[in-house]
Amino acid sequence: MSIEYTDSGRDGYRDGAPILSWSLPSVAAPQPPAVSRVYLEGLLPEGRALAAAARLRGVGLDLTGAPATPGDVVALLAEYGRECAGAVTVMPADEGPPGPGHHGKNYRTVGGPAETVIDTIRTRVRRLESGERLGGPRRTPRRASGTLDQISADRRR
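Numbering (full-length UniProt numbering), first residue to last: 1 to 157.
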């Protein structure tokens, strides 16, 4: 199992520049299998979630809880690769990624058009830079019960 960038995937990156990860630089050759496997395993869930996914797919895990073979990594990514953590989606080559705005029934649009979201962020940053407090008036912190300054006097002689 190895990751190899296509020429079009390497466009705009100088040789040796990281694309997916610092461990997977832009080169015109397959990445080392061990490095590729570590990267792909990192896209999978961990712990109980991985164990449950492996049980559902009939995939074996080794003693460390990782997929037992490279084929097991591929089997799990074939099933769950569309829902990987981060900005990577793993799917069959013949499907190709969904186009912008066409993510199917499993996705929903969050926020508005990108320009609106960016404008809102810029406005809030300007307000903060001008010293304005966002999120309501400043409140005086309350002390927790029992932390008030107290004076103790012992009148025994």
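Positions of the beta carbon are idealized from the N, C-alpha and C atoms, including for glycine.
Just so it is clear, the structure is predicted and the values come from calculations on it, not from any experiment.
Residue i versus the options, residue with shortest Cα-Cα distance
{"i": "Glu79", "options": "Gly9, Gly12 and Val59", "result": "Val59"}
{"i": "Leu56", "options": "Gly12, Thr64 and Leu77", "result": "Leu77"}
{"i": "Arg37", "options": "Val73, Thr116 and Arg122", "result": "Val73"}
{"i": "Val90", "options": "Ala17, Gly42, Arg133 and Ala66", "result": "Gly42"}
{"i": "Pro45", "options": "Leu24, Gly81, Gly12 and Leu134", "result": "Gly81"}
{"i": "Val88", "options": "Tyr13, Asp11, Ile19 and Pro30", "result": "Ile19"}
{"i": "Ala29", "options": "Ala17, Gly12 and Thr6", "result": "Thr6"}
Bridge partners - residue i, DSSP secondary structure assignment
{"i": "Ser21", "result": "Leu24"}
Alpha-carbon spacing of residue i relative to residue j, whole angstroms
{"i": "Asp15", "j": "Pro33", "result": "19 Å"}
{"i": "Glu83", "j": "Asp119", "result": "29 Å"}
{"i": "Leu61", "j": "Ala51", "result": "8 Å"}
{"i": "Ser2", "j": "Leu63", "result": "23 Å"}
{"i": "Val27", "j": "Tyr39", "result": "16 Å"}
{"i": "Ser23", "j": "Gly47", "result": "24 Å"}
{"i": "Thr123", "j": "Arg133", "result": "13 Å"}
{"i": "Ile121", "j": "Leu128", "result": "11 Å"}
{"i": "Val35", "j": "Ala68", "result": "16 Å"}
{"i": "residue 177", "j": "Glu4", "result": "One cannot answer for residue 177 here, as it falls past the ends of the chain, which runs 1 to 157."}
{"i": "Pro25", "j": "Ser8", "result": "15 Å"}
(request) Jot down the residue ranges of each uninterrupted alpha helix (DSSP H) in the UniProt domain "HipA N-terminal subdomain 1" (12–90), minimum 4 residues, whole runs only, in chain order. (result) DSSP runs (the alpha helix (DSSP H)) wholly in the UniProt domain "HipA N-terminal subdomain 1" (12–90): 33–42, 47–57 and 70–80.
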